[in-house]
Each structure stands twice: as structure tokens, then as C-alpha cells.
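Take the position in the sequence shown, starting the count at 1, then add 4; the result is the number in our numbering. Accompanying notes for the structure given below.
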Amino acid sequence: MEEVLKKALEERKRLREVYNTIADCWSHLKATPWPEAKEFSSSVKGLVLDVGCSNGRNLLPFLEKGMKCVGFDFSHNMIREAKKFLKKKGFSADLLVADVLELPFKEESFDAIIFTRALHHIPTSHLRVETLKKVVELLKKDGKILITVWRRYYPRFLQDYFLNIFEKKFEFGDTYKVWRYKGKVYKRFYHLYSQKELETELVRA
5 MEEVLKKALE ERKRLREVYN TIADCWSHLK ATPWPEAKEF SSSVKGLVLD VGCSNGRNLL
65 PFLEKGMKCV GFDFSHNMIR EAKKFLKKKG FSADLLVADV LELPFKEESF DAIIFTRALH
125 HIPTSHLRVE TLKKVVELLK KDGKILITVW RRYYPRFLQD YFLNIFEKKF EFGDTYKVWR
185 YKGKVYKRFY HLYSQKELET ELVRA
């Protein structure tokens, strides 16, 4: 277990380095909030946390409704992009560099949490379940959380999944998604979920 954990943390470190490298390009291409975030913003109020906020785009629907927002990402360059992005849109939020594996917040601090397209970047089911437990503990009583992940057999991801099927990974469902930037190829770790698997991890958390 210790050896697997060590390798998982090394994978996280490599992923952080990739996002630090591609942050400006990624942010330029990803400026629209996810539809799920927009819909979720209509059902919550109070203090909102975005876990793995990237450039802050999913905070926009909440900020537009006057909510106070906090966002964090493990990539310091993504946080830099988030500050620039929100400022350009005429908004601001409390943004900080932090890793979801080491949350810097007290329990029951937030009324709503957005955890979109970030859980699948965590290697091993063990670490993902532990992360889910810690994130849920940040919710106030009657708080709400939005969790989204990439689906294993979604057509868009099948090519990458099968191209990487023989690479050494942690678990079935793990793959690498390619990002091309300035003539170089960067691989980002993903765990692609089945619905049953996600439900199982949520129950375990």
C-alpha cells in the first residue's frame, strides 16, 4: 500500500507540473462554465467552494448571483489564470493554491461545493474515497455538493482509453489524456468511471 501511495502522489505531482505548464493555453480555450454548474447555482445560496477551480469559470454563475465564493487549485499557474479571468469578467473570489489531498479549511465551512472534473484526476480508489470524505465534511448541515467525473465509455474518450490500455496504471479505468502545447505532448492522468463505480465510491465515503 505504501508503495502504491508513493506512486500515486508522484502521479499527482506530474499532473500539477503539466497544468502549471499549459495553464494559459488551457484557460484560453476553457472560458464557459459547465451547464451543471449553472443549473446548480440556481439551487444554492451562501458561501460556495470550488474544488479544483482551474481558471474559475464555474464560479461565474454563483458570482453573478451575488454569492461569496472560494476556489482553490493545486496549480499555482491556474490560480493566476483564475484571478485574471474573473477580473476580466468584473468579479473576484477568494482564490488560493492548495491540493484537495490536504484541504486547508475547517469542517462545515461551506453552504455549497462544486467538485467538477477534478475527482477523476486522483489516482487509486483509496485516495479518491478519502478525498470525498474530507470534501463532504466541509459542508454545513443541509449543504449541497455537485460532483461530476468523466465517464469510461463516453465516445469522446474511447480513443485515448484504448491507446493507453497497455500503459502501466493503478486500476482498471485509468488512462492518459494528451494535451499538445508549443510542439510538445503532455499526458494528464484520468480515472474514467463507470456509474456503478462512482456510486460505490460515494457510498464508501
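We treat Cβ as the ideally placed atom computed from N, Cα and C, and that holds for glycine. Computed from a prediction, not measured in an experiment: that's the story for all the values here.
So residue i is in the beta strand (DSSP E); what residue range does that whole segment cover?
i: K181; result: 178-185
i: Y194; result: 188-195
i: D103; result: Counting along the chain, D103 falls outside any beta strand (DSSP E), and DSSP gives it neither H nor E.
i: I117; result: 114-120
i: T152; result: 143-152
i: V74; result: 73-77
i: L53; result: 52-55
Let me check understanding here. Comparing Cα to Cα, which of the options lies closest to residue i?
i: L206; options: R156, T135, D178, F89; result: T135
i: A116; options: L107, R208, A209, A41; result: A41
i: W30; options: F174, C57, L105; result: C57
i: K34; options: R61, E14, Y23, K145; result: R61
i: S47; options: K191, D146, K186; result: D146
i: L150; options: L123, P127, E15, R20; result: L123
On the premise that residue j lies in contact with residue i, defined as a C-beta separation below 8 Å, what is that separation, rounded to the nearest angstrom?
i: G75; j: L99; result: 5 Å
i: L90; j: L142; result: No, L90 and L142 are not in contact; Cβ-Cβ is about 21 Å, not under 8 Å.
Within 10 Å of its beta-carbon, does residue i have 16 or more other beta-carbons around it, so buried, or fewer, so exposed?
i: V189; result: exposed
i: L196; result: buried
i: V182; result: exposed
i: S96; result: exposed
i: R208; result: exposed
i: R18; result: exposed
i: T179; result: buried
i: P127; result: buried
Name the two residues that bound the continuous alpha helix (DSSP H) containing residue i.
i: F109; result: Looking at the DSSP string, F109 is not in any alpha helix (DSSP H), and its letter there is neither H nor E.
i: F44; result: 39-45
i: V48; result: It is not in any alpha helix (DSSP H) - V48 carries neither H nor E in the DSSP assignment.
i: Y157; result: Run containing Y157: none; DSSP gives neither H nor E here.
Is any beta-carbon of chain B found at less than 8 Å from that of residue i?
i: L13; result: Here chain B cannot be found, since the structure has a single protein chain.
Residue i: beta carbon under 7 Å from a heavy atom of the ligand SAM?
i: E106; result: Questions concerning the ligand SAM fall outside what the structure shown contains, since it holds no ligand whatsoever.
May I ask you to verify whether the stretch 122-132 touches the stretch 59-73, counting CB pairs closer than 8 Å and requiring at least 3? No, the stretch 122-132 does not touch the stretch 59-73.
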